[in-house]
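Presented below is the structure to which this report refers.
There are 2 protein chains.
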Amino acid sequence: MLIKEKVTQAINILKEFKIDCWLTFVRESSINGDPSLDYLIASDVTWHSAFVITAKGDSFAIIGKYDKQAVADLGVYKTVIDHVTGLREPLQQVLKQINPSSIAVNYSKDSEIADGLTHGMYLTLVDVLSEIGMQDRMISSEKVVSALRQRKTETEVGLMKEAIKATLQIYDEVFGFIKPGKTEAEVAAFIRSRIDARKLGYAWDPSTCPSVFSGPDTAEAHYAPTERRVQEGHVLNMDFGVKYNQYCSDLQRTVYILKKGETKAPPEVQKGFDTIVESIEESRKAMKPGVLGKDIDAVSRKVLVENGFQEYPHALGHQVGRFAHDGTALLGPAWEKYGRKPFLPLERGMVFTLEPRLTVPERGIATVEEMVVVTNTGAEFLSSPQKELVLIKP
Amino acid sequence: MLIKEKVTQAINILKEFKIDCWLTFVRESSINGDPSLDYLIASDVTWHSAFVITAKGDSFAIIGKYDKQAVADLGVYKTVIDHVTGLREPLQQVLKQINPSSIAVNYSKDSEIADGLTHGMYLTLVDVLSEIGMQDRMISSEKVVSALRQRKTETEVGLMKEAIKATLQIYDEVFGFIKPGKTEAEVAAFIRSRIDARKLGYAWDPSTCPSVFSGPDTAEAHYAPTERRVQEGHVLNMDFGVKYNQYCSDLQRTVYILKKGETKAPPEVQKGFDTIVESIEESRKAMKPGVLGKDIDAVSRKVLVENGFQEYPHALGHQVGRFAHDGTALLGPAWEKYGRKPFLPLERGMVFTLEPRLTVPERGIATVEEMVVVTNTGAEFLSSPQKELVLIKP
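Protein chains in written order, with my numbering: chain A, 57 to 450; chain B, 57 to 450.
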């Protein structure tokens, strides 16, 4: 079972980083969930709950009475303790028993996936730990949580391959649907109908999953598809992902709508598309364990600039996992909002998107997004990459 | 539009509490959402974003470039500022312009719905505010956020009435479905099929929405329905809610499965059910603005104990709204995990469940859950209350 696999992995990561224990502390997880919870239990918790994993291989779940049976059924936790009025005492007892020199908790300025602890719950934890003199042992779990999410197991990569396969099949179907006169919203609705028909989830909110942008002067990415009509001579791009057993894909494809009489795209469109493909391929070839994300991002930008295009105002690629945007390490520039993310080295098992973007004046936006997995020696495509511009007949 | 209505209400609440401004600070809200975000925008945000509402009636959205158009389209914010590399500078500029003596931010030890700020984001905010000397002006927004969620507008109560109506219709349908030999899982699947047929959402995770408990010795609440079969002479209870335009219902109903030859429930079952009904009615009658939640909870328990039943190990009732468990004020006992929630006074517009529970030995668990709204002078049922035990023919 995936949870057992990931909890075992967490124990090994704690050993590797010489961190005595990892504590996830949540309440009413359907309101304020912690992204780490998906690796720890298969359901929501209602009352204050703590999940404690130790480098020595112990595992404790301290949970509300009504959640006990469901957590015990997982067969993952060596010790399951339930409470009715509050978890302060049982949590203190467990920590006194472990007596860890460091307690990794889920907060991080740089990484949202390691930042599931709310500030109110942090203050509660300070109270609980202060009473047993352990308040100064808290450290950020960013390294632990990042490694756990980023080092994908074979099971996880397998699930993502299924998500990618379905996404590419749906792209093949939509290429046959797009015609001059269809609206962006109609193209998006067609894609959603194909996702629904396969009983898959959406990788992000369906209002912008898919995004569809047709022609020049469109709104920026993340904007819902409009009533704008597909038009001859325009470039159209789409961006969506599906969720298969909780694991996401995230892929973009670009098409050109031929004008009557045209048999191929005009040179500037072809050049834009080819530049994107080259940018992706050069970036992928530069990827391997140990390289920093910012240096891969720079490879991609260099290809665009050398071909006379402007840099795009976002990162080259993010990790993918249970969320479309997952993990901590980022293939991005050293901008304030990215914090330390672009300065982290790539590791085997990380799954990234590669998604450079450029504008072809008067035509639209060319952007392709592929997914790759970092291997021992480089990076391999998980998606069958788009190498040819898809031409839509007028 | 509801967002405009709630932002206007927020401004009035800030005036009432003499708090200069309310700041909601989020990033990647599909990963770590803030429950207040639903009242501020209609979609997720990706990059670091801040929503600032002031007692003077100003409103600022500082958001990532790609989210700008969607937020501007809302027509709610007087000022919409976008950023590409980071929001530190624009946020500092806005705050210097307002120069608030207090900045309410979303953290709370007591209330999860007011605790959307993660600890990592809190630390980032401390950095941003320190540079402009405002780090000591931060206060908890618990009062503001609680009032905003709890004081339901007519629009909101109207949406909840629709959710309740659909829920009761589905209960009527399932009463005809339950028969000896059906499993709990089959009853649950039937309810889910009726929710799906109405194109409604689930008030909480479908794995336990509905919950179905049949007979004695069942697992505790919050446990998924099992293969246990409905049996003559047993009490069966169900717990589910739907989501209608983002607003929830949460209702429980109890039925008795007649044995062959029986025309009514045995006396101990009838007494258990009647005690629940009486407990709910006495609690409702005691509710009015100004009364503390813990005192209503005590009314309910008293009825059970006086009738010879044990107290239940949870609160009498929680608020309902966009979440099945919503708001801060709670009709609950003074237990550690509930913090100050039971000590808050009721206010007009709060919507609560009333859900006492008791065990009828050898028969099962009797529990009914109604929903009431606090009025100027008391509390009114929003649900048509179950006054008669539903009898299922053998």
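Even glycine gets a Cβ: it sits at the ideal position worked out from N, Cα and C.
Sort B:388, B:195 and B:133 by Cα distance to residue 73 (chain B) and report the nearest one. B:195
What did DSSP end up calling residue 267 (chain A) once you bin it into helix, strand or coil? strand
Taking buried to mean at least 16 other C-beta atoms within 10 Å of its own C-beta, is residue 305 (chain A) buried or exposed? buried
Are the Cβ atoms of residue 146 (chain A) and residue 119 (chain A) separated by less than 7 Å? no
Would you mind telling me which residues of chain C sit closer than 7 Å to residue 379 (chain A), beta carbon to beta carbon, in chain order? In the structure shown, chain C cannot be found, because the protein chains are A and B.
Cα-Cα separation between residue 399 (chain B) and residue 346 (chain B), rounded to whole angstroms: 11 Å
Leaving out the 5 sequence neighbours to the left and right, which residues in its chain are closer than 7 Å to residue 174 (chain A) when beta-carbon positions are compared? 88
Starting from residue 427 (chain A), follow its DSSP beta bridges and name the residues at the other end. A:409
Beta-carbon within less than 6 Å of residue 357 (chain B)'s beta-carbon, same chain only, minus the 5 sequence neighbours each way: which residues are those? 367
For the alpha helix (DSSP H) containing residue 308 (chain A), list its first residue and its last residue. Run containing residue 308 (chain A): none in the alpha helix (DSSP H); it sits in the beta strand (DSSP E), 307-313.
The beta strand (DSSP E) spanning residue 279 (chain A) covers which residue range? Run containing residue 279 (chain A): none; DSSP gives neither H nor E here.
Judging by CA-CA distance, which residue of A:332, A:295 and A:289 is the nearest neighbour of residue 316 (chain A)? Comparing Cα-Cα distances from residue 316 (chain A) to each of A:332, A:295 and A:289, the minimum goes to A:289.
Chain A within 7 Å of residue 78 (chain B), Cβ atoms only: No, its Cβ sits nowhere closer than 7 Å to a Cβ of chain A.
Using the Cβ count rule (16 or more neighbours within 10 Å means buried), how would you classify residue 164 (chain B)? buried
Using a Cβ-Cβ cut-off of 7 Å, state whether residue 83 (chain A) counts as contacting chain B. Judged by the 7 Å Cβ criterion, residue 83 (chain A) is in contact with chain B.
Which of helix, strand or coil does DSSP assign to residue 285 (chain A)? strand
Contacts that residue 91 (chain A) makes with chain B (C-beta to C-beta distance below 9 Å): The answer, in chain order, is 87 and 88.
For residue 421 (chain A), three-class secondary structure by DSSP: strand
Under DSSP, the beta strand (DSSP E) around residue 436 (chain B) begins and ends at which residues? 435-437
Proximal chain B residues relative to residue 168 (chain A), where beta-carbon distance stays under 7 Å: 83, 84, 87 and 88
State the beta-bridge partners of residue 293 (chain B) as determined by DSSP. Per DSSP, the beta-bridge partners of residue 293 (chain B) are B:269 and B:310.
Please list the partners that residue 308 (chain B) has in chain A, where partner means a Cβ-to-Cβ separation under 9 Å. The premise fails here: residue 308 (chain B) is roughly 14 Å from chain A at the closest Cβ pair, so nothing lies under 9 Å.
Just confirm the distance between the C-beta atoms of residue 393 (chain B) and residue 80 (chain A), as a whole number of angstroms; I'd bet it's less than 8 Å. Not confirmed; about 17 Å, so no contact.
Enumerated in chain order, which unbroken segments of the beta strand (DSSP E) with a length of 3 residues or greater are wholly contained in the region 333-418 of chain A? 373-375, 382-387, 407-410 and 413-416
Straight-line Cα distance separating residue 127 (chain A) from residue 121 (chain A): 10 Å
Ends of the alpha helix (DSSP H) at residue 79 (chain B)? Premise fails: residue 79 (chain B) lies in the beta strand (DSSP E), 77-82, not in any alpha helix (DSSP H).
Quick one: is residue 180 (chain A) near chain B, going by C-beta distance under 7 Å? yes
Where residue 170 (chain A) falls: helix, strand or coil (DSSP): helix
Of the residues A:380, A:323, A:406 and A:370, the one placed nearest residue 418 (chain A), counting alpha carbons only: A:323
Please state whether DSSP places residue 175 (chain B) in a helix, a strand or coil. helix
Should residue 155 (chain A) and residue 90 (chain A) be called a contact, given that it needs their Cβ atoms to be closer than 7 Å? no
Check the Cβ of residue 100 (chain B) against every Cβ in chain A and list those closer than 8 Å, keeping chain order. 260 and 261
According to DSSP, is residue 183 (chain A) helix, strand or coil? helix
Take residue 260 (chain B) and list the residues in its own chain whose beta-carbon comes closer than 6 Å to its own, dropping the five residues that flank it on each side. Same-chain partners within the cutoff: 380.
For residue 229 (chain A), collect the residues of the same chain with a Cβ closer than 6 Å to its Cβ; drop the 5 residues on either side in sequence, then sort them by chain order. 250
Would residue 393 (chain B) count as contacting chain A if we go by Cβ distances under 7 Å? With 7 Å as the cut-off, residue 393 (chain B) counts as an interface residue toward chain A.
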